[in-house]
Ligand code: SF4
Ligand code: SF4
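In my numbering, the protein residues as written are 9 to 266.
Have a look at this one:
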């Protein structure tokens with residue numbers, strides 16, 4: 009007698025797989041427990057906004073902060089401390105933050121094999137009834153149905169930092185820089201306070217439209233946060249010190265300059 013086991017398959021973007029999930033299935037909600045969900049800065053922004061929480065409160069209450077081998081901060085969704093380690097957002101009706109659920113939850117059961125997203129792994133778990141139906145989809149269609157385009161766009165901008173050559177060449181950042189990446193990209197309210205209540209815009213040359221856009225739009229703010237991290241870590245990110253401030257800096261370094 010053949011024993012049934014979970015199976016894994018590799019797919020490309022346009023290959024079809026069979027899967028559908030809905031609340032009528034007997035397994036409904038059982039997968040929202042005891043899982044490692046890594047959150048991107050954009051996930052955190054969407055989730056905390058959905059809950060109307062300041063970023064520091066969301067991070068404190070619902071996440072665990074770790075550090076990768078390269079020094080990049082890793083943020084994981086904290087499961088509840090009940091016996092099933094359930095996700096804090098799962099309720100009888102399903103995900104209570106469904107519109108703002110994180111990238112990993114949208115992607116399930118599809119896992120990209122690499123950051124380039126050329127190939128995808130699908131783990132066909134016996135416990136998941138979603139594989140027993142007839143509805144087929146390609147990974148491309150799945151991503152569209154899960155409304156992932158904005159997530160991909162924002163996460164790609166973050167990947168410019170996390171997959172930078174600096175790290176690919178085996179370098180790591182020090183704890184001070186780890187903190188800077190975390191405070192800037194994940195604790196977005198703190199970053200907003202920092203740039204708007206310091207002399208930041210007196211020192212750095214940021215155009216008025218960008219400043220105004222950042223005041224009103226958190227996605228603009230997050231995009232600028234990424235630029236600030238690129239500038240701080242790699243002297244990139246298209247941020248410039250104002251000429252006057254640069255002169256002062258040069259004079260401070262070399263008092264003999266006239
Ligand atoms: S965030 Fe929502 S979809 Fe993701 S594990 Fe929690 S309840 Fe499930
Ligand atoms: S079908 Fe799979 S993904 Fe959907 S609720 Fe059941 S176990 Fe979770």
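Ideal Cβ placement from N, Cα and C applies to all residues, glycine included. In this text, all values refer to a predicted model and were calculated from it rather than measured experimentally.
Can you give the Cα-Cα distance for residue 228 and residue 222, rounded to whole angstroms? Those two C-alpha atoms are separated by around 5 Å.
Measure the C-alpha to C-alpha separation of residue 194 and residue 247 and round it to an integer number of angstroms. Linking residue 194 to residue 247 through their CA atoms gives a straight-line distance of about 20 Å.
Along the chain, where does the beta strand (DSSP E) containing residue 20 start, and where does it finish? Boundaries of the beta strand (DSSP E) harbouring residue 20: 15-20, taken from the DSSP string.
Could you tell me which residues DSSP puts in a beta bridge with residue 82? Answer by DSSP bridge pairing, in chain order: 74.
For residue 150, the nearest candidate out of 236, 200 and 22 (CA to CA): Taking only the C-alpha atoms, the option nearest residue 150 is 22.
Beta-carbon separation of residue 53 and residue 230 under 8 Å? Yes.
Using alpha carbons as the reference points, say which of 218, 190, 169 and 104 lies closest to residue 74. Cα-wise, what sits closest to residue 74 is 190.
Mind checking whether residue 197 and residue 64 have CB atoms under 8 Å apart? Against a cut-off of 8 Å, the Cβ pair of residue 64 and residue 197 comes out as a contact.
Exposure of residue 258, with buried meaning 16 or more beta-carbon neighbours within 10 Å: Residue 258 is exposed by the Cβ-count criterion.
Near residue 225, which residues of its chain fall below 7 Å by C-beta distance, leaving aside the five closest residues on each side in sequence? Result list for residue 225: empty, nothing under 7 Å.
Cβ-heavy atom distance, residue 128 to ligand 2, below 7 Å: Relative to ligand 2, the beta carbon of residue 128 is positioned no closer than 7 Å to any heavy atom.
Is there contact between the region 151-158 and the region 167-185, where contact requires at least three CB pairs shorter than 8 Å? With fewer than three CB-CB distances shorter than 8 Å, the region 151-158 does not count as touching the region 167-185.
Taking the CB atoms as reference points, tell me whether residue 285 and residue 144 lie closer together than 8 Å. Not covered by the structure: residue 285. The range shown for the chain is 9 to 266.
At a cut-off of 7 Å, is residue 39 close to ligand 2 when judged by its beta-carbon and the heavy atoms of the ligand? For ligand 2, at least one heavy atom lies less than 7 Å from the Cβ of residue 39.
Nearest-angstrom Cα distance between residue 205 and residue 105? Distance between the alpha carbons of residue 205 and residue 105 is about 32 Å.
For residue 8, which three-state DSSP category applies? Since the first and last residues shown for the chain are 9 and 266, residue 8 lies out of range.
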